[in-house]
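Enquirer:
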Amino acid sequence: MVALSALFLAPLVVMLLGSLQRPLQPPPDGLDLWPNPVEWSNYSAVARFMPLTRLLLNSLLLVVVAVPVTVVVTSMAGLAIVTARGPVRRLLIGLSVLMLLVPAAALWVPRVVLLRGLGVADTPLTVALLALAGTTPFYVLLFALAYSRIPGSLLEAATLEGLSPYAVWRQIAIPLARPAVVAVAALAGLFYWSTFMDPLTLVSSPANWPVALGLRSLSEMEAALYPIYLAAAVIVTAPALIAFCIGQRSFFSTVERA
Amino acid sequence: MRARRALGALGGAAMLAVSACSGQPGTADDTPVATAPARITVQVRADPEEAAVYRSLVSAYEKASGGQVELVAVGRQDHLTRLSTAFASGDAPDVFLINYREYAPFVQRGAVAPVGPLLDKQGLDRGGYYEEPLKAFSYGGALQCMPQNISSLVVYWNRALFRQAGVTPPKANWTWAEFAAAAKALTTGKTKGVGIDPSITRMAPFIWSSGGAIVDSDEKPTRTTLHEAGARAALQGVVDLIGTGSTPTKAQLAAQDLAEQFMTGKVAMFLSSRVEVPALREQRGLDFDVAGLPIVDKPASVLHSDAYCVSSGSDHKDDAAKFIAYAVGQQGQTITALGGRTVPSLKSVATSPAFLSPTRAPASSQVFLDAIPHLRHTPVTPSWPEVEDVIGNQLQRAFEDGVPLDQVLGEIQKQADPLLRGR
Chain A
7 MVALSALFLA PLVVMLLGSL QRPLQPPPDG LDLWPNPVEW SNYSAVARFM PLTRLLLNSL
67 LLVVVAVPVT VVVTSMAGLA IVTARGPVRR LLIGLSVLML LVPAAALWVP RVVLLRGLGV
127 ADTPLTVALL ALAGTTPFYV LLFALAYSRI PGSLLEAATL EGLSPYAVWR QIAIPLARPA
187 VVAVAALAGL FYWSTFMDPL TLVSSPANWP VALGLRSLSE MEAALYPIYL AAAVIVTAPA
247 LIAFCIGQRS FFSTVERA
Chain B
11 MRARRALGAL GGAAMLAVSA CSGQPGTADD TPVATAPARI TVQVRADPEE AAVYRSLVSA
71 YEKASGGQVE LVAVGRQDHL TRLSTAFASG DAPDVFLINY REYAPFVQRG AVAPVGPLLD
131 KQGLDRGGYY EEPLKAFSYG GALQCMPQNI SSLVVYWNRA LFRQAGVTPP KANWTWAEFA
191 AAAKALTTGK TKGVGIDPSI TRMAPFIWSS GGAIVDSDEK PTRTTLHEAG ARAALQGVVD
251 LIGTGSTPTK AQLAAQDLAE QFMTGKVAMF LSSRVEVPAL REQRGLDFDV AGLPIVDKPA
311 SVLHSDAYCV SSGSDHKDDA AKFIAYAVGQ QGQTITALGG RTVPSLKSVA TSPAFLSPTR
371 APASSQVFLD AIPHLRHTPV TPSWPEVEDV IGNQLQRAFE DGVPLDQVLG EIQKQADPLL
431 RGR
């Protein structure tokens with residue numbers, strides 16, 4: 007287990023050590039890991055190449071808004087699938103799978119046209135609007151799968167007791183599908199933190215871009231400046247890692263309880 | 011590369027559909043409005059350091075004119091994707107910078123407002139500019155976009171490695187045989203003599219130099235002619251050079267690109283345009299210069315040029331033209347020339363110390379200007395980006411995988427000719 011963890015940690019370690027190398031050196035022959043001397047100034051240099059604070063705030067705002075919306079929308083849609091009868095249920099599942107098969111590139115233009123038509127094509131939260139459509143049908147199917155383990159009689163009894171669909175979702179479905187909530191929140195959080203293709207096509211002004219897109223443009227820096235790019239990568243990866251470290255305890259305890 | 015082009019083509023197709031519905035290209039506002047300059051959006055393809063140069067250009071323009079510009083600097087891999095999507099959705103930037111090998115599809119789909127008349131209104135005298143890029147950016151008899159640079163293919167050579175190997179520095183008008191001999195002499199256990207990317211922009215000058223052609227007609231190409239005698243001989247020359255072991259192996263190329271191998275002394279020469287200069291300047295201790303391309307029969311080189319285009323859907327065409335006139339004018343071109351990456355298209359700046367100063371490497375920048383009389387450009391036709399991909403992929407098989415040249419040339423004919431004929 008430890009060996010496996012070390013294997014997955016290796017790229018992070020290479021990124022961290024690379025971010026401390028001295029810039030403007032010839033590209034190394036092979037893997038030159040140990041920085042000598044350690045160059046902390048790479049981290050302050052990142053701000054010279056992109057408006058780091060602004061972009062980090064944009065990303066934070068995006069995640070804070072988009073993740074809860076995604077969880078609410080997809081968990082409701084999942085419940086709708088599970089509570090639907092025979093053919094309708096099959097149709098909804100089929101439709102979700104079909105939507106999963108649509109290549110992302112085919113959606114870029116319709117999305118821009120739609121959002122521009124609505125006058126919301128250029129805000130830091132533009133990409134968060136995808137959350138209103140559940141971000142991806144995969145999350146909906148994930149919830150449908152989680153709910154399918156709840157006995158159907160329980161949901162029916164709740165309805166017969168006079169609970170509204172909202173109350174069934176809030177009081178019965180969500181508490182019983184907590185691991186799915188945590189999993190979708192984690193996946194959606196990671197998606198919105200790291201997406202760069204959606205903002206590239208959807209958001210007009212660079213000032214409204216998320217930090218992942220800023221990092222993407224730094225990836226084209228000259229080889230001699232790669233330590234600065236890697237420093238930016240560490241800065242962008244760190245919040246996601248910290249969130250994971252905090253979240254993993256509750257994730258595993260929820261899964262174990264379930 | 012192929013994926014990027016495919017995405018560009020996808021966006022382009024959608025662009026055609028949407029522009030057909032919106033009918034935007036016809037709604038040009040030709041009457042100048044006598045109000046304060048509007049805020050315009052300018053999209054350029056630039057890496058972070060290059061973006062800094064364009065930011066300087068924009069702030070100098072804003073100071074000089076009182077105009078406002080939103081600069082959108084997009085990475086090399088994403089420029090076409092964003093541009094195609096933006097056009098398709100009617101959200102195109104007012105001005106965009108594009109290479110002449112990629113602009114024809116945009117013109118064909120009515121996305122570009124011809125820049126000639128717009129610049130005439132700004133009083134820009136085009137007499138002071140080099141002819142070849144102006145020709146490359148003319149389509150359907152009109153100047154579509156205004157070139158900002160006129161780069162060409164040259165040989166970058168490592169002076170220290172030449173000295174160590176006792177090889178005479180490249181002379182003006184050196185021959186292909188001298189070039190190949192130098193490559194062989196420079197090849198040692200650690201160093202390869204020369205690196206050449208398998209692409210048509212690298213091969214074209216040698217094909218033209220040996221009297222061959224890439225396509226049957228530069229104006230209206232209907233088929234490729236790489237399999238014909240002149241072109242084939244030039245390509246065979248490169249295959250023979252690779253056969254001597256003077257070029258990096260496939261594994262070496264996979265590990266590091268040619269520019270990086272040149273920086274670390276793993277290759278002594280490589281072919282590229284002006285674009286490499288800033289990165290090479292930043293390498294402490296690298297002693298390099300540039301030389302003209304070797305000649306097979308007659309001198310030839312290939313144009314590398316980007317130009318500013320105005321979107322046909324822009325509501326601020328005159329303000330867009332005003333920005334372009336500044337960017338390609340004396341001050342604008344001096345700012346971009348000092349960045350080191352461009353060869354100015356304005357003659358007076360190209361021949362000024364801003365570009366030619368020998369105190370900053372490469373000392374022989376004049377080589378770029380000497381190549382100008384022999385410059386030619388690849389065909390300007392909407393399917394050219396796809397044709398380039400086909401040729402590049404096939405040449406790679408011949409150069410790196412050892413597939414026989416004739417087999418590769420046959421495959422190029424089979425795949426590229428239908429693209430040229432528009433099928």
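Sequences listed follow chains A and B, in order.
Position 223, counted from 1, in the first sequence is what our numbering calls 229; the numbers after and before it change by one each time, with no gaps.
Position 371, counted from 1, in the second sequence is what our numbering calls 381; the numbers after and before it change by one each time, with no gaps.
For glycine and all other residues, C-beta sits at the position ideal for the given N, C-alpha and C.
At a CB-CB cut-off below 9 Å, which residues of chain A make contact with E80 (chain B)?
Expert: Correct list: S210, S211, P212 and A213.
Enquirer: With distance defined between alpha-carbon atoms, name the residue in A:G195, A:F149, A:S256 and A:L101 nearest to W175 (chain A).
Expert: When only C-alpha atoms are compared, the closest one is A:F149.
Enquirer: Identify whether H314 (chain B) lies in helix, strand or coil by the three-state DSSP scheme.
Expert: DSSP places H314 (chain B) in strand when its eight states are reduced to three.
Enquirer: Along the chain, where does the alpha helix (DSSP H) that runs through L15 (chain A) open and close?
Expert: Here the alpha helix (DSSP H) through L15 (chain A) covers V8 to G24.
Enquirer: M56 (chain A) lies in the alpha helix (DSSP H); which residues open and close that run?
Expert: Premise fails: M56 (chain A) is in no alpha helix (DSSP H) and is neither H nor E.
Enquirer: Whole angstroms is fine: what's the gap from A16 (chain A)'s alpha carbon to V400 (chain B)'s?
Expert: A16 (chain A) and V400 (chain B): Cα-Cα distance of roughly 38 Å.
Enquirer: Run down chain A in chain order and give the residues with a C-beta less than 9 Å from the C-beta of T346 (chain B).
Expert: Correct list: empty, because the minimum Cβ distance to chain A is about 17 Å.
Enquirer: In whole angstroms, what is the alpha-carbon distance linking P130 (chain A) and L58 (chain A)?
Expert: Their backbone Cα atoms lie some 14 Å apart in a straight line.
Enquirer: At what residue ranges does the stretch 152-212 of chain A contain a whole run of the alpha helix (DSSP H), taking only runs of 4 or more?
Expert: Taking only runs of at least 4 residues, the alpha helix (DSSP H) segments lying wholly in the stretch 152-212 of chain A are 158-166, 184-200 and 203-208.
Enquirer: Please report whether the beta-carbon of E228 (chain A) lies at a distance below 8 Å from any beta-carbon of chain B.
Expert: Chain B, which has a Cβ nearer than 8 Å to the Cβ of E228 (chain A), makes this yes.
Enquirer: Find the residues of chain A that neighbour E59 (chain B), judging by a C-beta separation of less than 9 Å, and give them in chain order.
Expert: Simply F55, M227, E228 and L231.
Enquirer: Report the rounded CA-to-CA distance for D416 (chain B) versus S11 (chain A), giving the unit in angstroms.
Expert: Whole-angstrom Cα-Cα distance: 51 Å.
Enquirer: State yes or no: is the beta carbon of A244 (chain A) nearer than 8 Å to at least one beta carbon in chain B?
Expert: Output row for A244 (chain A): interface = no.
Enquirer: Counting only beta-carbon atoms, is V118 (chain A) nearer than 8 Å to chain B?
Expert: Cβ-Cβ to chain B under 8 Å: yes for V118 (chain A).
Enquirer: To the nearest angstrom, how far is it from the Cα of P35 (chain B) to the Cα of A121 (chain B)?
Expert: The pLDDT assigned to P35 (chain B) is 33, lower than 50, so where the model puts this residue is not dependable, and the model offers no usable value.
Enquirer: What does A127 (chain A) touch in chain B if you count any residue whose Cβ is under 9 Å from its own?
Expert: The answer, in chain order, is S99 and D101.
Enquirer: Spell out the partners DSSP gives K202 (chain B) in its beta bridges.
Expert: For K202 (chain B), which the question treats as bridged, DSSP gives the partners B:V277.
Enquirer: Closest to F172 (chain B) by C-alpha separation, out of B:K276, B:V390 and B:E286, would be which residue?
Expert: Out of B:K276, B:V390 and B:E286, B:K276 has the C-alpha closest to the C-alpha of F172 (chain B).
Enquirer: Only counting runs of 4 or more residues, tell me where the alpha helix (DSSP H) segments fall wholly within the stretch 169-225 of chain B, in order along the chain.
Expert: As far as the stretch 169-225 of chain B is concerned, its whole alpha helix (DSSP H) runs of at least 4 residues are 169-175, 186-196 and 210-219.
Enquirer: Please identify the residue among B:L129, B:P143, B:P215 and B:A170 whose C-alpha is closest to the C-alpha of L163 (chain B).
Expert: Looking at the Cα atoms, B:P215 is the closest of the given residues.
Enquirer: Is N42 (chain A) helix, strand or coil when you go by DSSP?
Expert: Looking at N42 (chain A) - three-state DSSP - the assignment turns out to be coil, as it is neither helix nor strand.
Enquirer: Rounded to whole angstroms, what's the CA-CA distance from P127 (chain B) to W184 (chain B)? Just pull it up for me.
Expert: If I take the Cα positions, the gap works out to 43 Å.
Enquirer: In chain order, which alpha helix (DSSP H) runs of at least 4 residues are fully inside the stretch 36-95 of chain B?
Expert: Listed in chain order, the complete alpha helix (DSSP H) runs (minimum 4 residues) inside the stretch 36-95 of chain B are 58-75.
Enquirer: With a cut-off of 8 Å, do at least 3 Cβ pairs link the stretch 110-118 of chain A to the stretch 202-215 of chain A?
Expert: With a cut-off of 8 Å, the stretch 202-215 of chain A and the stretch 110-118 of chain A count as touching, because enough Cβ pairs lie within range.
Enquirer: Check for me: the beta strand (DSSP E) holding N109 (chain B) runs from which residue to which?
Expert: Its beta strand (DSSP E) spans residues V105 to N109.
Enquirer: By Cβ distance, which residues of its chain are closer than 6 Å to T141 (chain A), with the 5 residues on each side in sequence left out?
Expert: Within the same chain, T141 (chain A) has close Cβ partners T76 and A194.
Enquirer: Tell me whether F365 (chain B) is buried or exposed, calling it buried when 16 or more other Cβ atoms sit within 10 Å of its Cβ.
Expert: Buried, by the Cβ-count rule.
Enquirer: In angstroms, rounded to a whole number, what distance separates the CA positions of K230 (chain B) and Q266 (chain B)?
Expert: Rounded to the nearest angstrom, the two C-alpha atoms are 38 Å apart.
Enquirer: For C319 (chain B), is the classification buried or exposed, using 16 other Cβ atoms within 10 angstroms of its Cβ as the cut-off for buried?
Expert: It is buried - the Cβ of C319 (chain B) has at least 16 other Cβ atoms within 10 Å.
Enquirer: If you run the structure through DSSP and keep just helix, strand and coil, what is D299 (chain B)?
Expert: Three-state DSSP puts D299 (chain B) in a strand.
Enquirer: If you measure between the beta carbons of E398 (chain B) and I210 (chain B), is that distance less than 8 Å?
Expert: Yes, the pair counts as a contact, with Cβ atoms nearer than the cut-off.
Enquirer: Nearest-angstrom Cα distance between K332 (chain B) and Y49 (chain A)?
Expert: If I take the Cα positions, the gap works out to 39 Å.
Enquirer: Determine the contact status of W186 (chain B) and G247 (chain B), defining contact as a CB-CB distance below 8 Å.
Expert: It is a contact, given that the beta carbons lie within the stated cut-off.
Enquirer: Smallest Cα separation from L268 (chain B): which of B:A243, B:T344 and B:Y166?
Expert: Nearest of B:A243, B:T344 and B:Y166 to L268 (chain B), Cα basis: B:Y166.
Enquirer: By the three-class DSSP mapping on this structure, what secondary structure does M227 (chain A) have?
Expert: M227 (chain A): coil per DSSP, three-state reduction.
Enquirer: Please report the residue range of the alpha helix (DSSP H) in which D101 (chain B) lies.
Expert: Note, D101 (chain B): premise wrong, no alpha helix (DSSP H); not H, not E.
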